[in-house]
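Enquirer: Below is a structure I'd like to ask you about.
Number of protein chains: 2
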Amino acid sequence: MDTKSLIIEIATTLFQKKGYIGVGLSEILKACNISKGSLYHHFPNGKEELLIACLQTLEETITKDIDQIFKRYQTTKEATKGMIEKLIVNFETEGTITGYTFSSIVSEMASLSNPVRNACAHLYQKIQGIYLNKLLADGFSKETASSIAVMMTATIEGGMMLCLTQKTSEPLKIISERLPNLIN
Amino acid sequence: MDTKSLIIEIATTLFQKKGYIGVGLSEILKACNISKGSLYHHFPNGKEELLIACLQTLEETITKDIDQIFKRYQTTKEATKGMIEKLIVNFETEGTITGYTFSSIVSEMASLSNPVRNACAHLYQKIQGIYLNKLLADGFSKETASSIAVMMTATIEGGMMLCLTQKTSEPLKIISERLPNLIN
DNA sequence: AGTTACAAACAGACCGGTTGGTATAGTGGA
DNA sequence: TCCACTATACCAACCGGTCTGTTTGTAACT
Numbered sequence: 001m002d003t004k005s006l007i008i009e010i011a012t013t014l015f016q017k018k019g020y021i022g023v024g025l026s027e028i029l030k031a032c033n034i035s036k037g038s039l040y041h042h043f044p045n046g047k048e049e050l051l052i053a054c055l056q057t058l059e060e061t062i063t064k065d066i067d068q069i070f071k072r073y074q075t076t077k078e079a080t081k082g083m084i085e086k087l088i089v090n091f092e093t094e095g096t097i098t099g100y101t102f103s104s105i106v107s108e109m110a111s112l113s114n115p116v117r118n119a120c121a122h123l124y125q126k127i128q129g130i131y132l133n134k135l136l137a138d139g140f141s142k143e144t145a146s147s148i149a150v151m152m153t154a155t156i157e158g159g160m161m162l163c164l165t166q167k168t169s170e171p172l173k174i175i176s177e178r179l180p181n182l183i184n
Numbered sequence: 001m002d003t004k005s006l007i008i009e010i011a012t013t014l015f016q017k018k019g020y021i022g023v024g025l026s027e028i029l030k031a032c033n034i035s036k037g038s039l040y041h042h043f044p045n046g047k048e049e050l051l052i053a054c055l056q057t058l059e060e061t062i063t064k065d066i067d068q069i070f071k072r073y074q075t076t077k078e079a080t081k082g083m084i085e086k087l088i089v090n091f092e093t094e095g096t097i098t099g100y101t102f103s104s105i106v107s108e109m110a111s112l113s114n115p116v117r118n119a120c121a122h123l124y125q126k127i128q129g130i131y132l133n134k135l136l137a138d139g140f141s142k143e144t145a146s147s148i149a150v151m152m153t154a155t156i157e158g159g160m161m162l163c164l165t166q167k168t169s170e171p172l173k174i175i176s177e178r179l180p181n182l183i184n
């Protein structure tokens with residue numbers, strides 16, 4: 001794998017785990033086993049450029065992943081259940097939810113950097129878009145589907161935060177069970 | 001107001017806005033117009049001790065606030081609507097949601113400091129408890145009420161993150177409208 | 001093939017500034 | 001006088017970023 005992709009991949013999981021400010025360049029360099037010169041060769045504008053690159057890659061990964069899951073199920077209800085199931089497994093095996101959440105980045109950077117905030121907003125929008133399309137296919141009206149999609153995004157994101165805080169997958173399990181009530 | 005309370009008050013809003021790592025001691029000192037010696041007199045164990053004190057104070061403030069709102073309304077549905085309404089006003093006037101959210105702290109510290117994580121978990125628990133009691137008063141079964149309370153906490157917390165990301169109060173408005181569907 | 005030229009890629013010393021934290025001295029009121 | 005409180009000087013460690021190299025791959029010319 002080329003160095004640039006390696007940096008993005010490793011930095012992404014680090015950012016997701018510890019947030020943007022929480023990860024130092026030195027930590028990234030050590031994890032990648034590269035030098036500072038190398039990093040600044042690939043990302044001349046430094047840390048923030050790297051973060052945005054990470055968010056863009058993350059967007060592709062996440063949307064592709066969710067898309068795949070959603071294609072496997074007939075209805076939004078089933079698909080959502082399947083997706084959350086995967087989140088839970090991910091959380092229980094790895095202890096953190098590295099796959100889908102980037103809440104730490106959002107909450108610390110939203111008010112500090114507009115480019116980063118926009119990248120995050122775009123990512124949420126993409127995810128919501130997948131929900132929306134499936135809901136429309138389910139037969140919901142445009143407006144209802146749009147509202148439900150927002151609810152789903154918020155609930156799942158919040159649920160992951162609760163899991164991280166309580167160190168249990170219980171919240172996500174409850175959400176998985178009760179989310180179908182929402183899709184009506 | 002005594003210095004200690006002043007420090008807690010100012011540091012709390014700073015932490016909420018920028019997260020724990022995002023706020024330096026120097027920034028707190030300048031905002032409070034105090035010296036480092038003063039801070040370390042009141043919080044000998046430094047920054048983390050201050051954060052936990054902030055979280056505890058925040059817990060009192062938030063729970064008292066929500067409690068009051070919930071007492072003004074008959075049902076959980078109405079109370080929730082009222083509460084979110086207040087969040088929206090807060091967001092639209094101040095640009096940030098300083099009152100009720102501490103997501104930045106959760107997401108960056110959950111994996112780094114257990115004491116902080118526990119303090120956050122306790123806070124969520126308290127909020128959920130208020131929802132739970134109201135739901136029980138509404139006549140829900142213990143189990144159903146408990147599940148709905150989790151959902152509410154997750155959805156509202158996630159909704160605030162969406163608002164911060166998109167710089168709109170739209171997500172919370174949608175949630176306010178659709179949350180009643182959840183309480184059933 | 002052998003040599004030269006050049007740029008991409010990488011390495012690491014170094015920079016000013018800031019971090020959280022400590023130690024000591026000073027101050028003002030009981 | 002005493003002591004809670006505050007001010008300030010100082011510290012090592014670390015921050016992100018810049019800098020000057022050195023290595024490496026490869027294309028061009030003889």
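Protein chains in written order, with my numbering: chain S, 1 to 184; chain U, 1 to 184. Just so it is clear, CB atoms sit at the ideal spot from N, CA and C, and this is done for glycine as well.
In chain U, which residues lie less than 8 Å from Lys18(S) when you measure between Cβ atoms?
Expert: Correct list: Glu108, Ser111 and Leu112.
Enquirer: What's the C-alpha gap between Ala53(U) and Ser141(S)?
Expert: Cα to Cα, the separation comes out at about 48 Å.
Enquirer: State the DSSP-derived secondary structure class of Ile183(U), mapped to helix, strand or coil.
Expert: Coil.
Enquirer: Relative to chain U, which residues along the region 18-34 of chain S have a C-beta separation below 8 Å, given in chain order?
Expert: If the cut-off is 8 Å between Cβ atoms, the region 18-34 of chain S has Lys18, Gly19, Ile21 and Gly22 near chain U.
Enquirer: To the nearest angstrom, report how far apart Gly19(U) and Ser107(S) are at their CA atoms.
Expert: Going from the Cα of Gly19(U) to the Cα of Ser107(S) covers about 8 Å.
Enquirer: Mapping DSSP to helix, strand and coil, what is Pro44(U)?
Expert: DSSP places Pro44(U) in coil when its eight states are reduced to three.
Enquirer: Is Met83(U) close to chain S, meaning its C-beta is less than 8 Å from at least one C-beta of that chain?
Expert: Not one chain S Cβ lies under 8 Å of Met83(U).
Enquirer: Going by Cα to Cα distance, which pick from Lys36(U), Gly139(U), Gly159(U) and Phe15(U) is closest to Thr3(U)?
Expert: If we check each option's Cα against that of Thr3(U), Lys36(U) comes out closest.
Enquirer: Just confirm the distance between the C-beta atoms of Thr155(S) and Met1(U), as a whole number of angstroms; I'd bet it's less than 8 Å.
Expert: Not a contact, Cβ separation roughly 39 Å.
Enquirer: For Thr165(U), which residues in chain S fall below 8 Å Cβ to Cβ?
Expert: Simply Val106, Ala110, Arg117, Cys120, Ala121 and Tyr124.
Enquirer: Would Ser176(U) and Lys81(U) qualify as a contact pair, given that the criterion is a beta-carbon distance under 8 Å?
Expert: In contact: Ser176(U) and Lys81(U) (Cβ atoms closer than 8 Å).
Enquirer: Just curious, the alpha helix (DSSP H) that Thr80(U) is in, first and last residue?
Expert: Unbroken alpha helix (DSSP H) run through Thr80(U): Thr76 to Glu94.
Enquirer: Given a cut-off of 8 Å on the beta-carbon distance, is the pair Asn174(U) and Ser103(S) in contact?
Expert: For the record, residue 174(U) in the displayed sequence is Ile; it is not Asn. No. Outside cutoff.
Enquirer: Contact defined as beta carbons within less than 8 Å: I believe Gly158(U) pairs with Gly158(S). What is the distance between those atoms, to the nearest angstrom?
Expert: That belief holds up - the Cβ atoms of Gly158(U) and Gly158(S) are roughly 3 Å apart, short of 8 Å.
Enquirer: I want to see whether chain U comes within less than 8 Å of Gly37(S), judged by CB atoms only; does it?
Expert: So no, Gly37(S) is outside the interface.
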